[in-house]
Amino acid sequence: MRYGLSLAAFLLVSAISACQRQGIDEYRVVKFIDGDTIVLNDDEGTRIDLALIDAPEIEQPFGRDARQGLESLIQDNRVQIQYMNNGKALVYLDSILINEKLVQKGYAWFDISAAPEPAMSIRLKDSQSEATSRKIGLWAQNDTLIVSPWQWRADGKEVVRNSNQIRFAQQREAERRRMELQKITDKRREANAPNRSKLITTKDD
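Just so we're on the same page, the numbering used here is the position in the sequence shown counted from 1, plus 781.
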């Protein structure tokens, strides 16, 4: 009876492991674009966005630190890529889920909108809570510098939109001034035209 249970347990573990390996490919990373984006060494140079997390944009505070943190975790090791339905991926280094490790170390936010299941949500929430309480990674910054990437992107679009509006207004104002100056110049030329004619007539006499 004990032998039968052991065999059943072995078969169950084997089946689970096989299921976990399905849809997972292994690659090296050739480029770290930012804290949650990498490029693989396949023929296409595939760009991968890490799922479930959102790291600071490279231009915002701690952006370059987040990229360095991702690079330090993976280094030159081969990683396993498991794609999710949204096209993003879980990245494993052996048994370590890099996505989760980035949140644990304070290199990224947990993207609550992308969590596929309650169990994963709980894990990542706990990881972020731990990093926050320990004030590590991005959480060690001054509060004024801790801005979520999605808010940063939204603010950036607003800044661009406002900048465009300001630029167009400046262009319109510059054109208005140019036209006014042209009118003044034309009037002066018209006013001076008779005087030039008299001067030419006097010389001819």
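In this text, a Cβ means the ideal position worked out from N, Cα and C, and glycines have one as well.
- When DSSP states are grouped into helix, strand and coil, Asp835 belongs to the strand group.
- In this structure, the beta-carbon distance from Glu807 to Gln861 falls below 8 Å.
- Within the stretch 861-895, the runs of beta strand (DSSP E) that reach at least 3 residues and sit entirely inside it are, in chain order, 870-874.
- The stretch 825-841 makes contact with the stretch 928-937; the number of CB pairs closer than 8 Å reaches 3 or more.
- CA-to-CA, the gap between Gln909 and Ile917 works out to about 10 Å.
- Secondary structure at Ile903: helix, using DSSP grouped into helix, strand and coil.
- By the C-beta density criterion, Val884 is buried, having at least 16 other C-beta atoms within 10 angstroms.
- Distance between Tyr864 and Thr925, taken at the CA atoms: about 35 Å.
- Nearest Cα to Leu854 within the set Glu961, Gly826, Lys886: Lys886.
- For Leu851, the enclosing alpha helix (DSSP H) begins and ends at 844-855.
- Less than 8 Å divides the Cβ of Val820 from the Cβ of Arg828.
- Under DSSP, the beta-bridge partners assigned to Asp806 are Ile862.
- For Asn867, the closest of Thr966, Glu881, Pro897 by C-alpha to C-alpha distance is Pro897.
- In the same chain as Val811, and ignoring 5 residues on each side of it, the C-beta atoms closer than 8 Å to its own belong to Val820, Leu821, Asn822, Gly826, in chain order.
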